[in-house]
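In the numbering used here, the protein residues as written are 151 to 465.
Cβ coordinates follow ideal geometry from the N, Cα and C atoms, glycine included.
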């Protein structure tokens, strides 16, 4: 770490934040705007927004990531749902409800000057590719190119059933939809969607750590967005990714890799955790910090100082 921020094997590593805009009443749009300015002033590089169409009181689906998500709202003492399912806990509060990713990104981005925004992640199999192509391109234009499209297949069968979408075929559809997006943006869609020309499309990063997700990232997408992998698991995934990249005739330099993780623990542990990920050659790291609407300025400032981000006062 130094005054330039986090330096990894491939140069400076972007540091983004997740689990900030969780749909709770106290984190409304006015708070999001104020918070984004604080994040930017502290020296962080981005904010990534979650997507869920619905929340449920009970999940029979298995949350696929190795570690239980830390509560993004430590000020909320009671959880509406805390059911251990397979590898992790699924927790929602009774008053949670998420705003649309795209409209939120545009609104909050307007309050900042350099901060990037991304989806973490958009449930791609639930989308129409031609409508999504226009939506994402519009967001890319309105944010001045400061938006990345993180996509995933989703994990909740309950959510897919409620949206009348086939949960079993979501992986195959995800790959088809990524190809459809790039075709639409590149003019390869014979249906000819009425999209403006001259706008740079957002990067598409495939989320997930399965073999299929890594293959999709290396062959049809612009990057990979794994979650909660250990450094050893991430190193294995990167080697597999590079294999697929080479097999498809592309270069690793063509791909943007962002590693996300929860479970930071004490802020004093953060520099060492980030260093271990950065030295593996990722381009960005997204982290989840435990903070409330009352102490976020102090937490941001302390985390930024620990990482040497060189920002100003976040309070």
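- If you draw a straight line from the Cα of residue 404 to the Cα of residue 175, it is about 40 Å long.
- The beta-carbon distance between residue 373 and residue 355, rounded to whole angstroms, is 4 Å. This is short enough to meet the 8 Å contact definition.
- Fewer than three Cβ pairs drawn from the region 378-397 and the region 319-328 lie within less than 8 Å of each other, which leaves the two stretches out of contact.
- With contacts defined as CB atoms closer than 8 Å, residue 457 and residue 430 fail to qualify as a contacting pair.
- Residue state for residue 251 is assigned as helix, using DSSP reduced to three classes.
- By the Cβ criterion, the region 286-299 is in contact with the region 250-260, since at least three pairs of Cβ atoms, one from each stretch, lie closer than 8 Å.
- With a minimum length of 3 residues, the unbroken runs of beta strand (DSSP E) contained wholly in the region 168-217 fall at 196-199.
- The continuous beta strand (DSSP E) containing residue 297 extends over residues 297-302.
- Considering only 446, 299 and 304, the residue with the shortest C-alpha distance to residue 406 is 299.
- Residue 289 has no beta-bridge partner at all, per DSSP.
- Comparing C-alpha distances from residue 398 to each of 177, 413, 370 and 380 shows the shortest one belongs to 370.
- As the crow flies, the alpha-carbon of residue 270 is around 10 Å from that of residue 376.
- Distance check between residue 344 and each of 366, 459, 283 and 312 places 283 closest, using alpha-carbon atoms only.
- Ranked by Cα distance from residue 200, the options 264, 308 and 304 are led by 304.
- Within the same chain, 287, 290 and 291 come within 7 Å of residue 349 by CB-CB distance, once the 5 residues on both sides are set aside.
- Of 445, 443, 444 and 425, the smallest CA-CA separation from residue 436 is found for 425.
- Of the residues assessed, residue 439 falls on the buried side of the cut-off, its CB having 16 or more other CB atoms within 10 angstroms.
- For residue 449 and residue 460, the gap between their C-alpha atoms comes out near 15 Å.
- Leaving aside the five residues that flank residue 193 on each side, the residues in its chain whose CB is nearer than 6 Å to its CB run, in chain order, 454, 459, 460 and 461.
- Assigned with DSSP and collapsed to three states, residue 405 falls in coil, not helix or strand.
- Annotation: residue 265 is outside any beta strand (DSSP E) and is labelled neither H nor E by DSSP.
- Around the C-beta of residue 347, fewer than 16 other C-beta atoms lie within 10 Å, and the residue is accordingly described as exposed.
- A distance below 8 Å between beta-carbons, with the five flanking residues on each side excluded, links residue 265 to the following residues of its chain, in chain order: 186, 189, 190, 194, 195, 196, 197, 259 and 296.
- Shown here for residue 427: same chain residues with a beta carbon closer than 6 Å to its own, the five before and five after excluded, namely 409 and 435 in chain order.
- Going by beta carbons, residue 391 and residue 364 fall inside the 8 Å limit.
- Its Cα nearest to that of residue 168, the residue 268 stands out among 301, 268 and 180.
- Between the alpha carbons of residue 155 and residue 315 lies a distance of about 43 Å.
- For residue 373, no alpha helix (DSSP H) run applies; the uninterrupted beta strand (DSSP E) run containing it begins and ends at 373-375, by DSSP.
- With respect to the C-alpha of residue 204, the residue from 157, 252, 311 and 263 having the closest C-alpha is 311.
- When C-alpha distances from residue 277 are compared across 215, 202 and 262, the shortest belongs to 202.
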